[in-house]
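To start, the structure itself, in structure tokens.
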Amino acid sequence: MAFRRQVKNFVKNYSDAEIKVREATSNDPWGPSSSLMLDISDLTFNTVSLSEIMNMLWQRLNDHGKNWRHVYKSLTLMDYLIKNGSKKVIQHCREGYHNLQTLKDFQHIDEAGKDQVKSKSVGGRHFKAEAGEK
1 MAFRRQVKNF VKNYSDAEIK VREATSNDPW GPSSSLMLDI SDLTFNTVSL SEIMNMLWQR
61 LNDHGKNWRH VYKSLTLMDY LIKNGSKKVI QHCREGYHNL QTLKDFQHID EAGKDQVKSK
121 SVGGRHFKAE AGEK
């Protein structure tokens, strides 16, 4: 974990659940590990941890610009949690469905003109079926 992230986690007094979400949705150029996503999904069965996880995910989903990986990885993690976490994750997604809809056309074009997220089904289209919306 990056030193800067460790300091910020300490200074902001983030919980274990929040730290794990921050790690899974970092700007590092690789995706979240399956073991980390499993740890986070297990935490969704605890009411306090679920609230912390979802609040951090919604916060990360609102990032933009140089933090585009926060959004991309948050969508990846949310997809995993819908499939493997507590059923209450789906409830949170339904309540925040409007926020997900705004991401249905999410993309990030790098300096070379390449869409970095084109190959991944993300945003409102993907979560509509998962969250049981019609």
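The sequence shown begins at 1 in UniProt numbering and counts up by one. We put the CB at the ideal spot given by N, CA and C, even for glycine.
Hey, out of Val71, Glu95, Met78, Val11, whose CA is closest to Ser34's CA?
Nearest C-alpha to Ser34: Met78.
On the three-state DSSP scale, how would you describe Asn13?
Three-state result, Asn13: coil.
Checking 8 Å against the spacing of the C-beta atoms, do Asn27 and Arg69 come in under that value?
Result yes, Cβ atoms of Asn27 and Arg69 sit closer than 8 Å.
Look at the Cβ atom of Ser86, then the Cβ atom of Glu52, and state whether they are nearer than 8 Å.
No, the Cβ-Cβ distance between Ser86 and Glu52 is not below 8 Å.
Taking all protein chains shown into account, do 16 or more other C-beta atoms lie within 10 angstroms of the C-beta of Gly132, making it buried, or fewer, making it exposed?
Caution is warranted here: a pLDDT of 48 is assigned to Gly132, below 50, making its placement in the model unreliable, and the coordinate value is therefore given only provisionally. Classification for Gly132: exposed.
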